[in-house]
Amino acid sequence: MSIVSRFAPSPTGYLHLGHAYSAWMAWRRADVFRLRLEDIDTTRCRPEYAAAILEDLRWLGLDWDGEVRVQSAHFPDYAAALERLRGLLYPCFCTRAEIARAQSAPHGVEGVYPGTCRALAPEFRAARIAAGAPYALRLDVAAARRCVGALRFCEEATGWVEAEPERLGDVVLARKDTPTSYHLCVVHDDALQGITHVIRGEDLREATHIHVLLQALLGLPTPIYAHHKLLTDASGKRLAKRDKAATLREMRAAGTTPEAILHQFETAT
Ligand code: GLU
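For the sequence shown, position 205 (counting from the first letter as 1) is numbered 207 according to the working numbering, and the numbering increases by one without interruption.
Dropping the structure here:
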């Protein structure tokens, strides 16, 4: 089987070693390697970071096939996918503070939307929307589940995994300022780019449960998943942009070579 994999960074900063490791993990297995810029959050993504990502990948020798898919140029595609899910979406008027309060209540679950707006009366929803209240569109996961039944995906190293999208709750699929979401775009574009193997960090393992549900709802194929360990620093802490983890740019300026970085990756695997 020929392997089509991808690297799908969000250009919200310069690539650090952790991103590069993820790109390399996907690249080294690929017969065809696709690149995608996940830049739907136009408030956080910047063109200079996008350009720097391409330059850094080239410097490292991780070449890609075909055009780069730039998500911000394709909002109508995602709107069409969202439209197909319309009957399973509901408007959510909750603020972040309200959600946090409900999650910390006795029966609340950390990180999972408590479902406050799921059962609002249609007239109430319509009145709030007409009054201009901001809202997000959430997927009614229980209703979606009833449409598609049991689901599973193949985690390459360990075998079949039952999908449990309920673990993430009713995720947001669109907001007023960003009329789509990571979950919707990633599923749409993995299918569009013909990805057979999604090779990415294990921090995205949970999200896969929702991705598999969306694939089933949209009639898209489910790729094989391989979630890899995240690179850590010397103290065992995960590398992250916000901690000012070493960027490839800084390493390059300090004289590190691509060979040295790839050697570090080989030994980490
Ligand atoms: N854009 C996501 C990120 O930068 C990665 C998406 C994915 O690999 O599915 O974290």
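Each residue gets a CB set at the ideal place from its N, CA and C atoms; glycine is no exception.
As the structure is a computational prediction, the values presented were derived from the model and not from experiment.
Exercise. Histidine 109 by DSSP, collapsed to three states: which one?
Worked result: What you label residue 109 is simply residue 107 of the sequence shown in a count that begins at 1. The answer is coil: DSSP assigns histidine 109 none of H, G, I, E or B.
Exercise. By DSSP, does tyrosine 227 sit in helix, in strand, or in coil?
Worked result: In the sequence shown, the residue the question calls residue 227 occupies position 225. Strand at tyrosine 227.
For this session: Would you give the residue range spanned by the alpha helix (DSSP H) that alanine 146 belongs to?
Result: Numbered from 1 along the sequence shown, position 144 holds the residue referred to as residue 146. Counting along the chain, the alpha helix (DSSP H) containing alanine 146 begins and ends at 143 to 150.
Exercise. Is it buried or exposed for methionine 3, if we count other Cβ within 10 angstroms and need 16 for buried?
Worked result: Mapped onto the sequence shown, residue 3 falls at position 1. Its Cβ having fewer than 16 others within 10 Å, methionine 3 is exposed.
For this session: Only counting runs of 3 or more residues, tell me where the beta strand (DSSP E) segments fall wholly within the segment 28 to 68, in order along the chain.
Result: 34 to 39
Exercise. Beta-carbon of threonine 118 versus every beta-carbon of chain B: anything under 9 Å?
Worked result: Given the protein chain composition of this structure (a single chain), no chain B is represented.
Exercise. From histidine 185 to glutamate 268, what distance separates their C-alpha atoms?
Worked result: Position 183 of the sequence shown, counting from 1, holds the residue named residue 185. Position 266 of the sequence shown, counting from 1, holds the residue named residue 268. Answer to the nearest angstrom: the Cα atoms are 31 Å apart.
Exercise. Just the Cα atoms here: how many angstroms apart are arginine 154 and glutamate 164?
Worked result: By 1-based counting over the sequence shown, the position of residue 154 is 152. By 1-based counting over the sequence shown, the position of residue 164 is 162. Answer to the nearest angstrom: the Cα atoms are 4 Å apart.
Exercise. What does the shell around the ligand GLU hold, if a residue joins when its beta-carbon is under 6 Å from any heavy atom?
Worked result: Ala10, Pro11, Ser12, Glu40, Val188, Arg202 and Leu206
Exercise. Looking at aspartate 79 and leucine 194, is the spacing between their C-beta atoms short of 9 Å?
Worked result: Numbered from 1 along the sequence shown, position 192 holds the residue referred to as residue 194. Numbered from 1 along the sequence shown, position 77 holds the residue referred to as residue 79. In contact: leucine 194 and aspartate 79 (Cβ atoms closer than 9 Å).
Exercise. Would you report the Cα separation of proline 13 and glutamate 50, rounded to the nearest angstrom?
Worked result: Start at 1 with the first residue of the sequence shown, and residue 13 comes out as number 11. Start at 1 with the first residue of the sequence shown, and residue 50 comes out as number 48. If I take the Cα positions, the gap works out to 8 Å.
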